[in-house]
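Undergrad: Counting in my numbering, the sequence shown runs from 32 upward without gaps.
Think of the CB as a built atom: it goes at the ideal place given N, C-alpha and C, for glycine as much as any other residue.
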Amino acid sequence: DEIIYQEARRLLAAEMQNIVWGEFLPTVLGVDYMKKYNLIVKEESVYRVNVKANIINSFSSAAFRFGHSMINGMFKLVSQRNINGASRSSNKDIFWLWRLREVFDGQSIRGASLPIENMIEGLITQQPQTCDAYFTTEITDHLFQKNNRRQNFGEDLLSINIQRARDHGIPPYNSYRRLCGLEPRELEEDYWRQLESVYDDVDHIDLYVGAIAELNVRGGVVGPTFACIIGEQFSRLKEGDRFFYTHKPNSALRVKGLEPIAKAQVLKRTLADVICGCTRLIHIQKWVTLQPNNDYNPILKCSARNKFDFKTLAQEIEEVHARRRERLRSGGGQKIPGFTPPTKETLRFTSADAIKLGNYEF
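#1: State the Cα-Cα distance for the pair His-99 and Asp-172, rounded to the nearest angstrom.
#2: If we count the other Cβ atoms within 10 Å of its Cβ and call it buried at 16 or more, is Leu-60 buried or exposed?
#3: Go through its chain and collect everything with a Cβ distance to Lys-83's Cβ below 6 Å, but skip five positions before and after it.
#4: Closer than 8 Å by C-beta to Val-248: which residues in its own chain qualify, once you throw out the five before and the five after it? Chain order, please.
#5: Answer with buried or exposed for Ile-71, where buried requires no fewer than 16 other C-beta atoms within 10 angstroms of its C-beta.
#6: Can you give me the Cβ contacts of Val-252 inside the same chain, cut-off strictly under 6 Å, excluding the 5 residues immediately before and after it?
#7: Between Ala-242, Met-47, Met-105, which has its C-alpha nearest Arg-209's C-alpha?
#8: Three or more C-beta pairs closer than 8 Å, one from the segment 334–348 and one from the segment 181–194: is that the case here?
#9: CA-CA distance, Asn-88 and Tyr-204?
#10: Looking at C-alpha atoms only, which residue of Glu-263, Val-351, Trp-127 is the closest neighbour of Ala-293?
#11: So the candidates are Val-240, Ser-206, Arg-336; which of them puts its Cα closest to the Cα of Leu-189?
#12: Measuring only the C-alpha atoms, how far is Cys-333 from Ile-313?
#13: Expressed to the nearest angstrom, what Euclidean distance is found between the alpha-carbon atoms of Asn-337 and Gly-53?
#14: Leaving aside the five residues before and after Leu-268 along the sequence, list all residues of the same chain whose C-beta is less than 6 Å from its C-beta, in chain order.
#15: May I have the straight-line CA-CA distance separating Ile-147 from Ile-261, to the nearest angstrom?
#16: Using DSSP bridges, identify the partner residues of Trp-127.
#17: By Cβ distance, which residues of its chain are closer than 6 Å to Phe-135, with the 5 residues on each side in sequence left out?
#18: In the DSSP assignment, what residue or residues form a beta bridge with Glu-290?
#19: Glu-186 by DSSP, collapsed to three states: which one?
#20: What would DSSP say about Asn-281, mapped onto helix, strand or coil?
#21: For Lys-332, which three-state DSSP category applies?
#22: What are the partner residues of Gln-316, as DSSP defines its beta bridges?
#23: Runs of 3 residues minimum, wholly inside the segment 143–177: which ones carry the beta strand (DSSP E) assignment?
#24: Whole angstroms are fine: how far does the CA of Tyr-327 sit from the CA of Leu-402?
#25: Among Ala-303, Arg-360, Glu-245, Phe-166, which residue has its Cα nearest to the Cα of Gln-322?
#26: Rounded to whole angstroms, what is the Cα-Cα separation between Ile-155 and Ile-170?
#27: Where does Asn-205 fall in DSSP's three states?
#28: If Ala-196 sits next to Asp-221, beta carbons under 8 Å apart, how far is it from one beta carbon to the other, in whole angstroms?
#29: Within 10 angstroms of the Cβ of Ser-120, are there 16 or more other Cβ atoms? Answer buried if so, exposed if not.
#30: Once the 5 residues before and after Glu-75 are set aside, which same chain residues still bring their CB inside 7 Å of it?
#31: For a quick check, are the C-beta atoms of Leu-246 and Glu-219 less than 9 Å apart?
#32: Compute the distance between the beta-carbons of Leu-145 and Leu-128, then report whether it is under 9 Å.
#33: Candidates Phe-265, Val-80, Ala-164, Tyr-165: which alpha carbon is nearest Phe-55's?
#34: In or out: Cys-21 buried (at least 16 other Cβ within 10 Å) or exposed?
#35: Which residue wins for smallest C-alpha separation from Val-286, given the options Arg-79, Ala-93, Ala-353, Gln-48?
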């Protein structure tokens, strides 16, 4: 059914937007940059017709690869103690550590036949590395190394990042510092001297090499240059998207956020709710992007998670489509040649009707 598919798709996209803007970005950028780029989630936002929601070259080829510095050399897998239906012979946490090259290889984990919950719980409880100029050798010496054998060589992710940015024609580090209104330098003195010994001119330092080593912004995990680029990118993706979930409807500009009931339910949902609904985990911290903490990020039961009330959502969707059908009957709204609007009695379409409806803009 086309309507069910399109409405489910809208809810899924909105839920992902709510997680990215409501949980992920505050952890990456900190509150100051969230405010600076108008990224804090509110019940209502405005579409800006002059903003293009395109992907910035420096974002895709440099800034959003900041997480490579935070990768651990060892990958933690947690026991089945926190899984529904698993036997619990002990209340102690049991976990295994795998070298990252063994995860690249894939054979070791497949051979262990471990549940997906082991991997997810390991990911959400393992402390990442700090975002800085230091990278684990698992990705600088052993990236995609085959069969974990000594005679096979791995690739170097840091070198790939640097070369990719050069292939894309990304200007040097100081150019972006100036573009973001920052002083030419904000690195530790020792690291700066090392760069001066490698580059003939400080204005030739690659964007990724310089920005990854900056001191982190307050409350965030990246430095000010990457925070500037990432903040600008997600500001565009929010303000330039006609269908961003919190946008106020505007029929003249064909702007369509979520309806009130759907929006209220999505705003309450978190990544923890999604993981609980898709796995057999019993407990999970409230905010998945942060480490568990009894004071500000307690462990909660999955049984108490926020769930969608699909009955009220379905009622709201039916009311919206009923109003739309009425507008079409009265001569208002967008008319589609050869398409007869569905009635309440014929809400289930044939495949042919579904194809026609695919051209209709919800």
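TA: By the coordinates alone:
#1: 14 Å
#2: buried
#3: Gly-271
#4: Leu-60, Gly-61, Asp-63, Tyr-64, Gly-254, Pro-255, Ala-258
#5: exposed
#6: Val-59, Cys-162
#7: Ala-242
#8: no
#9: 14 Å
#10: Val-351
#11: Val-240
#12: 5 Å
#13: 15 Å
#14: Ala-84
#15: 31 Å
#16: Leu-108
#17: Phe-175
#18: For Glu-290, which the question treats as bridged, DSSP gives no partner whatsoever.
#19: strand
#20: strand
#21: strand
#22: Ile-330
#23: none
#24: A query on residue 402 cannot be resolved here, the shown segment of the chain reaching from 32 to 393 and no further.
#25: Ala-303
#26: 21 Å
#27: helix
#28: Actually they do not touch by this definition, with Cβ atoms about 24 Å apart.
#29: Below a pLDDT of 50, predicted positions are generally treated as unreliable, and Ser-120, at 47, falls in that range; the measurement from the model is reported next regardless. That one is exposed.
#30: Thr-277, Lys-279
#31: yes
#32: no
#33: Phe-265
#34: Any answer about residue 21 is impossible in this case: the structure gives the chain only from 32 up to 393.
#35: Arg-79
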